[in-house]
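Everything below concerns the one structure shown next.
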Amino acid sequence: MATSSFDKVFTLETEEAVESFVRIVNNPKKSVEIDRSVTAPEKVKQGEERLKRMLSR
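Numbering (this note's numbering), first residue to last: 210 to 266.
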């Protein structure tokens, strides 16, 4: 049965591990913006055509 929650128990055994964990939690990474124009249908078709040309050599 699939669940939407995840429980994981872990132990930070050194002071360095605790400091690292605190640093990670306090400074989350910013989201990366995805360039959706790369997957536009015309770009996909252009990429497929290039691949076909390269493989047909």
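Ideal Cβ placement from N, Cα and C applies to all residues, glycine included. Computed from a predicted structure; not experimentally measured.
7 Å Cβ shell around residue i - same chain, five flanking residues per side excluded
i: proline 253; result: Looking at the sequence shown, residue 253 is not proline but valine. Counting only Cβ-Cβ distances below 7 Å, and skipping sequence neighbours, we find nothing.
Spatial distance of residue i from residue j (CA atoms)
i: leucine 221; j: valine 227; result: 6 Å
i: serine 214; j: isoleucine 243; result: 27 Å
i: glycine 256; j: phenylalanine 219; result: 45 Å
i: valine 234; j: lysine 217; result: 16 Å
i: threonine 223; j: glutamate 258; result: 54 Å
Same chain, Cβ closer than 6 Å to residue i, five either side skipped, listed in chain order
i: arginine 245; result: none
Cβ shell of residue i (< 8 Å), same chain only, five flanking positions each side left out
i: arginine 232; result: none
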